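Residue numbers 165 to 455, in full-length UniProt numbering, belong to the letters of the sequence shown in order.
Reading through the structure tokens given below for one structure.
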Amino acid sequence: TKKNELVTRPPVVTVMGHVDHGKTTLLDKIRKTRIAEQEVGGITQSIGAYQVEYAGKKITFIDTPGHELFTEMRAKGVQVTDIVVLVVAADDGVMPQTIEAYNHAKAANVPVIVAINKIDKPNANVEATKQQLVTKLNLIPEDWGGDTIVVPISARTGQGIDQLLEMILLLAEIKEIKCYPKGPARAAIIESKVDRALGPVANAIVKDGILNVGDYIVAGPVYCKVRALIDDKGRRIKSAEPSQPVMIVGFEELPDIRYTIYAVESLELAQEIAQEVKEKLEKEKPSKRKI
Ligand code: GTP
Ligand code: NA
Ligand code: MG
């Protein structure tokens with residue numbers, strides 16, 4: 165059909181968990197094993213998120229620190245994350261930040277998959293860790309009759325990671341993660357920074373529609389014409405589709421992570437919307453002269 169109907173899009177996954185439980189190692193391992201073998205010699209670009217393919221299906225991983233992003237996103241009510249992978253080290257068990265991370269996910273109503281990590285260690289205790297999931301988080305593993313997907317892994321050796329990716333895709337299918345694939349883009353900013361060569365850039369994940377080079381976009385009080393798009397492999401691309409992470413080049417000012425990026429019809433309209441937001445912000449600004 166020609167109508168802009170909802171279709172499924174790849175899941176966007178955030179990895180969270182206690183300090184040193186292996187979040188970065190896991191993200192690195194997935195990236196290396198799933199991207200390197202597909203694109204030999206490909207230089208990866210750090211744009212805050214990357215996409216891999218498993219069994220012919222795409223998964224987007226956010227690799228910025230989970231906690232901050234999550235609270236920011238929750239604060240503005242926009243959820244960039246579809247699934248949280250909660251990493252729990254099998255030699256350490258459920259720790260304070262595990263509980264905190266889980267509470268973030270729960271509050272945002274984002275489904276959680278537990279990855280019990282470091283199972284290669286001699287002192288790893290998967291059963292004891294599962295027991296703690298029950299007692300400390302009230303999460304009952306599937307193999308214990310509950311409905312929480314728990315996957316034992318080693319981010320170091322790679323053991324169990326294929327299963328984890330399978331479970332992510334399975335949960336994504338059950339949750340029916342969807343988007344409007346056509347029309348003007350809407351994108352969530354995951355980080356913004358000033359690049360020495362490119363100026364202010366936004367690393368974003370497209371939520372709906374197609375984002376194109378040349379589009380007019382607005383992000384709160386900031387607007388621009390998209391000058392370039394760079395993907396997670398460092399390639400210049402012409403357009404980005406739903407769930408695709410992309411670096412957006414063309415801003416004159418740094419866009420705030422709190423705002424959603426919208427593509428609009430014209431530069432005039434983008435400017436108009438940005439101006440309105442700017443004026444509203446000015447009014448809200450508390451007077452500094454107040455004594
Ligand atoms: P923070 O970002 O500081 O919260 O830590 P993190 O959760 O990103 O943990 P990181 O990936 O930095 O791993 C912490 C330590 O655990 C590192 O020394 C890793 O090499 C080690 N590690 C991570 N995963 C595994 C694993 O599966 N097995 C073993 N043996 N060590 C692991
Ligand atoms: Na660490
Ligand atoms: Mg880390």
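For glycine and all other residues, C-beta sits at the position ideal for the given N, C-alpha and C.
What you are looking at is a predicted structure, and each value in this text was computed from that prediction instead of being measured.
Rounded to the nearest whole angstrom, the C-alpha separation of Asp256 and Asp372 is 40 Å. Going by beta carbons, Ile211 and Val382 fall outside the 9 Å limit. Residue pairing for Phe225: DSSP places it in a beta bridge opposite Val177 and Tyr214. Taking a 10 Å sphere around the C-beta of Ser430, we find fewer than 16 other C-beta atoms and assign the residue as exposed. In this structure, the CA atom of Ala288 is about 8 Å from the CA atom of Ala253.
The beta carbon of Val298 is closer than 6 Å to those of Ile304 in its chain, skipping five residues each way along the sequence.
Put simply, the backbone Cα of Ala292 is about 18 Å away from that of Gly324. Secondary-structure assignment with DSSP links Asp255 through no beta bridge to anything. When DSSP states are grouped into helix, strand and coil, Asn267 belongs to the helix group. Taking the Cβ of Asp284 as the reference point, at least one heavy atom of ligand 1 falls within a distance shorter than 8 Å.
By the Cβ neighbour-count rule, Arg198 is buried, with 16 or more other Cβ atoms within 10 Å of its own. Relative to Leu301, the option among Lys282, Pro286 and Val278 whose CA is nearest is Val278.
Looking at Pro406, Cys388, Val315 and Ala272, the one whose alpha-carbon comes closest to that of Pro175 is Pro406. For the 9 Å CB-CB criterion, Val244 and Thr178 form a contact.
Bridge partners of Tyr380 according to DSSP: Lys389 and Val428. Residue nearest to Lys389 within the set Ile369, Val365 and Lys397 is Val365 (criterion: CA-CA distance). Here Ala219 is exposed, its C-beta having fewer than 16 other C-beta atoms within 10 Å. DSSP places Lys371 in the uninterrupted beta strand (DSSP E) bounded by Gly363 to Asp372.
Within the chosen limit of 8 Å, ligand 1 reaches the beta carbon of Asn281 through at least one heavy atom. Between the C-alpha atoms of His268 and Gly310 there is a straight-line separation of about 21 Å.
Residue Lys193 holds the alpha-carbon nearest to the alpha-carbon of Arg320 among Glu169, Ile223, Lys193 and Arg173. No Cβ-Cβ contact shorter than 9 Å links Val315 with Met259. Assigned with DSSP and collapsed to three states, Val278 falls in strand. If you ignore the 5 residues before and after Val248, its C-beta comes within less than 6 Å of the C-beta of Thr178, Met180, Ala269, Val274 and Val276, all in its own chain and listed in chain order.
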